[in-house]
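Q:
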Amino acid sequence: FDAVIIATGVNEKFADALAGSYLANRKKAPILLYTNSGLSQLNVTFIQENLKSGGTVYILGGDSAVPTTVEETLSAYNVVRLSGKTRYETNLEILKEAGISGNEILVATGTNFADSLSASAVGLPLLLVNGQGAGLNTAQTEFLKSVAGKKITIMGGDSAVSEEMKAAIEAVTGVTAERISGKTRHNT
Numbered sequence: 067f068d069a070v071i072i073a074t075g076v077n078e079k080f081a082d083a084l085a086g087s088y089l090a091n092r093k094k095a096p097i098l099l100y101t102n103s104g105l106s107q108l109n110v111t112f113i114q115e116n117l118k119s120g121g122t123v124y125i126l127g128g129d130s131a132v133p134t135t136v137e138e139t140l141s142a143y144n145v146v147r148l149s150g151k152t153r154y155e156t157n158l159e160i161l162k163e164a165g166i167s168g169n170e171i172l173v174a175t176g177t178n179f180a181d182s183l184s185a186s187a188v189g190l191p192l193l194l195v196n197g198q199g200a201g202l203n204t205a206q207t208e209f210l211k212s213v214a215g216k217k218i219t220i221m222g223g224d225s226a227v228s229e230e231m232k233a234a235i236e237a238v239t240g241v242t243a244e245r246i247s248g249k250t251r252h253n254t
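The number in our numbering is simply the position in the sequence shown, starting from 1, with 66 added.
(1) When the distance is taken between beta carbons, is T242 closer than 8 Å to L172?
(2) Report the residue from Y143, E115, G150 and Y100 whose alpha carbon sits nearest the alpha carbon of V132.
(3) Below 8 Å between beta carbons: does that hold for S167 and Q198?
(4) Find out if the Cβ-Cβ distance for the pair L202, V213 is shorter than 8 Å.
(5) Could you check the C-alpha separation between E256 and E155 for me, to the nearest Å?
(6) For the segment 138-212, which segments carrying the beta strand (DSSP E) assignment without a break, of at least 3 residues, lie completely within its bounds, in sequence order?
(7) How would you call T74, buried or exposed, if buried means at least 16 neighbouring beta carbons within 10 angstroms?
(8) Express the C-alpha separation of F80 and G86 in angstroms, rounding to a whole number.
(9) Should T111 go down as buried or exposed, given a rule of 16 or more other Cβ atoms within 10 Å for buried?
(10) For R251, which of helix, strand or coil comes out of DSSP?
(11) Across which residues does DSSP place A69 in a beta bridge pair?
(12) Look up T111 in the DSSP assignment and say whether it is helix, strand or coil.
(13) Going straight from the alpha carbon of L193 to that of M231, what length do you get?
(14) From which residue to which residue does the beta strand (DSSP E) around K217 run?
(15) Whole angstroms is fine: what's the gap from S261's alpha carbon to S247's?
(16) Flag this pair as yes or no: are the beta carbons of L161 and Y88 separated by less than 8 Å?
In structure tokens, the structure reads:
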């Protein structure tokens with residue numbers, strides 16, 4: 067591989083790994099999971115045996131997700147950490163690194179994993195939002211302006227990404243967003 071991705075495997079910190087699925091697709095890179103017990107020897111051995119010389123190890127998230135000791139363990143490689151103060155900022159850093167390809171952006175809540183997990187395998191850019199929050203943050207607004215005109219597909223129902231958030235996204239992008247949802251996460 068030219069690249070390997072490391073993200074936390076701790077349940078409540080799922081967002082970085084799911085946001086990283088697009089980067090993994092673009093870089094043709096596996097995602098290895100870090101747990102609170104550390105980077106496993108299996109992961110280190112995998113990197114040693116499978117990462118090309120001069121390849122890149124992407125670490126997703128801040129020090130609380132994947133500690134700096136992982137960077138130190140892998141210092142023989144080109145290590146790039148993609149992180150922000152929040153999961154939403156980290157998501158944008160991942161999207162910037164991956165580059166936006168194609169004509170569609172997926173949007174899902176960043177507070178629950180089900181919809182973004184279902185969408186992660188399709189190889190499209192995934193923007194995580196606080197679907198019931200106060201709206202888009204400044205960085206998300208700027209990102210959406212930069213991709214204005216692309217098809218926007220919202221994953222999940224109104225309880226995941228509110229109609230108000232959908233309207234805010236449409237106002238910034240100038241397109242009518244499509245919504246894929248069902249009565250439950252399983253139906254979605």
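Where is the CB? At the ideal position from N, CA and C, for every residue including glycine.
A: The answer reads as follows:
(1) Position 106 of the sequence shown holds residue 172. Position 176 of the sequence shown holds residue 242. For L172 and T242, no; Cβs fall outside 8 Å.
(2) Position 66 of the sequence shown, counted from the first residue, corresponds to residue 132. Out of Y143, E115, G150 and Y100, Y100 has the C-alpha closest to the C-alpha of V132.
(3) In the sequence shown, the residue the question calls residue 167 occupies position 101. In the sequence shown, the residue the question calls residue 198 occupies position 132. Contact flag unset, no.
(4) Taking the sequence shown and counting its residues from 1, one reaches residue 202 at position 136. Taking the sequence shown and counting its residues from 1, one reaches residue 213 at position 147. No, they are not a contact pair.
(5) There is simply no residue 256 to check, as the chain begins at 67 and stops at 254 in what is shown.
(6) 144-148, 170-175 and 192-195
(7) Along the sequence shown, read from residue 1 onward, the residue named residue 74 stands at position 8. Flag for T74 reads buried.
(8) Counting from one through the sequence shown, the residue named residue 86 turns up at place 20. Counting from one through the sequence shown, the residue named residue 80 turns up at place 14. Taking the straight line joining both Cα atoms gives about 10 Å.
(9) Along the sequence shown, read from residue 1 onward, the residue named residue 111 stands at position 45. Exposed, because fewer than 16 other Cβ atoms sit within 10 Å of the Cβ of T111.
(10) Here residue 251 is taken as the residue at index 185 of the sequence shown, counted from 1. R251 falls in the coil class under three-state DSSP.
(11) By 1-based counting over the sequence shown, the position of residue 69 is 3. In DSSP, A69 forms a bridge with T122.
(12) Here residue 111 is taken as the residue at index 45 of the sequence shown, counted from 1. DSSP places T111 in helix when its eight states are reduced to three.
(13) As a working note, residue 193 is residue 127 in the sequence shown. As a working note, residue 231 is residue 165 in the sequence shown. Cα-Cα distance, rounded: 13 Å.
(14) Numbered from 1 along the sequence shown, position 151 holds the residue referred to as residue 217. From DSSP, the beta strand (DSSP E) with K217 extends over K217 to M221.
(15) Absent from the model: residue 261. The displayed extent of the chain is 67 to 254, so no value can be given.
(16) Here residue 161 is taken as the residue at index 95 of the sequence shown, counted from 1. Here residue 88 is taken as the residue at index 22 of the sequence shown, counted from 1. Yes, the Cβ-Cβ distance between L161 and Y88 is below 8 Å.
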